[in-house]
Amino acid sequence: MTEFQAPKGVPDYLPPESARFVAVRDGLLEAARRAGYGDVELPIFEDTALFARGVGESTDVVSKEMYTFADRGDRSVTLRPEGTAGVIRAVIEHGLDRGPLPVKLCYSGPFFRYERPQAGRYRQLQQVGVEAIGVDDPALDAEVIAIADAGFRSLGLDGFRLEITSLGDDTCRPQYRELLQDFLFKLDLDEETRRRAQINPLRVLDDKRPAVREMTADAPVMLDHLSDVAKQHFDGVLAHLDALSVPYVINPRMVRGLDYYTKTTFEFVHDGLGAQSGIGGGGRYDGLMQQLGGKDLSGIGFGLGVDRTLLALAAEGKTVTGPARVQVFGVPLGADAKVRLAVLAAQLRAAGVRVDMAYGDRSLKAAMKGADRSGAAIALVAGDRDIEAGTVGVKDMATGEQVDVAVDEVLTEVLSRLRP
Ligand code: HAM
């Protein structure tokens, strides 16, 4: 074992896997940008109270999984476990809610949860997310969901399903909560579960233990007790999804791990991943902004797991290919050739071509092996004598064919081969 390892449960992404990671992240983000979402870059750590209040004290995320510490000024800060609370904080702080609505924002980056590491469950996880704030319109819910669906499909993924439900609103949730508690308190529950039923009864429906599952099989579900407004909203979302041909299944027992959700709530589930099957999730959070000290504006968004999307693609036997690491590889033999090829490499890079070359005065054989391994389509091969004669060998790595090209024409020749 080496002296230092990455922290437990934190993946490293290295070439060539890292190119696939970037392709997945960028593919998911591109789907959001096409719908007019603007990028935000927000702090990796925030005031601890932001998450406690935003995500909910009774959630596992806040009560068990946060990376919280006092900074040198003795402020309690937390590595962000999710993106929504920070986005809303920034929207309020910078008054974006006073501009045109909805405010449409997207982001990508690392999030931190002290979970028990296992396949597909990491302590530093990567998400692509969007938030659409300030308009409560079922068409907007459907847009957000359709973007996630399109993002996954643009990568070639298709072995997933969208599960959707409604968690109701202020007018129907309190009554439903009581109804559910009445049901739960009649069951023979252990002390801790009973306490959970007191604080957050919905979470009991998420209990994975078979005995509890069995007891709660007939528990009332929110979907059967929606107010007229919430019901109409949900029907509107489904009608839009139908029109957009986004397939879904209704899962009235869905429980999300964050407390801010209202009305439309959804998850993208992939069956090839074992226990950690959620590749993305999101929903509406109409009370969150006010709870964080802002106006009473609605919002909806999603977070898609980049790590799990990569695993899901692998499970489907698919790979997204990013651009080749290197398109051209320089093989210099001699000091003059090294300088000349370095200049050519710089010119090609300036023209947008990815170029690497052999360093360390290696033998022709070793340098050609490097060219081969690099995956480059073209090798530029030159010794000092070639440079003196004013030529460089341009080798097609696929066919092995090599021709001499005048130094001044190498740039044009390479560009025309790469972009016919
Ligand atoms: P979330 O469901 O907690 O939602 O996370 C979104 C996605 O992040 C999950 O579906 C999963 O793919 C990935 N993920 C979460 N935890 C882990 C982990 N430990 N290891 C690997 N991947 C993980 C949110 O975070 C909300 N902020 C989404 C949202 C935005 N809702 C409204 N707006």
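If you read the sequence shown in my numbering, its first letter stands for residue -1, the second for the next number, and so on.
Cβ atoms here follow ideal geometry from the backbone N, Cα and C, with glycine treated the same way.
Please read all numbers here as calculations on a predicted model, not as lab measurements.
How about Tyr112: is its Cβ closer than 7 Å to a heavy atom in ligand 1? For ligand 1, not one heavy atom lies less than 7 Å from the Cβ of Tyr112.
Rounded straight-line distance, which links the Cα of Ala215 to that of Ser16: Going by the C-alpha atoms only, they are around 43 Å apart.
Applying the criterion that 16 or more other CB atoms from any shown protein chain within 10 Å of the CB defines a buried residue, is Thr397 buried or exposed? exposed
Should Ile376 and Val341 be called a contact, given that it needs their Cβ atoms to be closer than 8 Å? no
If you run the structure through DSSP and keep just helix, strand and coil, what is Pro5? coil
Can you tell which of Ser275, Val128, Asp402 and Phe110 has the C-alpha that lies nearest to the C-alpha of Ala30? Val128
Which runs of the beta strand (DSSP E) fall wholly inside the segment 269 to 308 and span at least 3 residues, in chain order? 276 to 282 and 297 to 303
Out of Ser56, Asp45 and Val85, point me to the one whose CA is closest to Phe67's CA. Across the set Ser56, Asp45 and Val85, the C-alpha of Asp45 shows the shortest separation from the C-alpha of Phe67.
In the structure shown, what three-state DSSP assignment does Asp402 receive? DSSP places Asp402 in strand when its eight states are reduced to three.
Tell me, please, which residues DSSP counts as bridged to Val210. In the DSSP output, where bridge partners are listed per residue, Val210 has none listed.
Just the Cα atoms here: how many angstroms apart are Ser275 and His268? 5 Å
Beta-carbon gap between Phe109 and Thr76 smaller than 8 Å: no
For the alpha helix (DSSP H) holding Ile143, just list the boundary residues, first then last. Pro136 to Ser152
Reference Ala144; option with closest CA among Glu265, Glu212, Leu123 and Lys62: Glu265
How far does the alpha helix (DSSP H) with Pro172 in it extend, from its first residue to its last? Segment Arg171 to Phe183, the alpha helix (DSSP H) holding Pro172.
Between Gly281, Ala117, Met252 and Gly272, which has its C-alpha nearest Ala140's C-alpha? Answer by Cα proximity: Gly281.
Quick one: Cα of Asp180 to Cα of Thr57, how far? 22 Å
Bridge-paired residues (DSSP) for Asp354: Phe327
Below 8 Å on the Cβ atoms is my contact criterion, and I expect Pro250 with Leu221 to pass it. Report the Cβ-Cβ distance as a whole number of Å. 4 Å
Assuming Tyr357 and Thr82 are in contact, meaning their beta carbons sit under 8 Å apart, how far apart are those beta carbons, in whole angstroms? The Cβ separation is near 46 Å, so there is no contact.
With a 10 Å radius around its C-beta and 16 neighbouring C-beta atoms as the bar for buried, classify Ala369 as buried or exposed. Its Cβ being crowded by 16 or more others within 10 Å, Ala369 is buried.
Going by C-alpha distance, which of Ala146, Val89 and Thr389 is nearest Arg23? Considering only alpha carbons, the answer is Ala146.
Anyone know if the C-beta pair for Leu271 and Arg306 falls short of 8 Å? The Cβ-Cβ distance between Leu271 and Arg306 falls below 8 Å.
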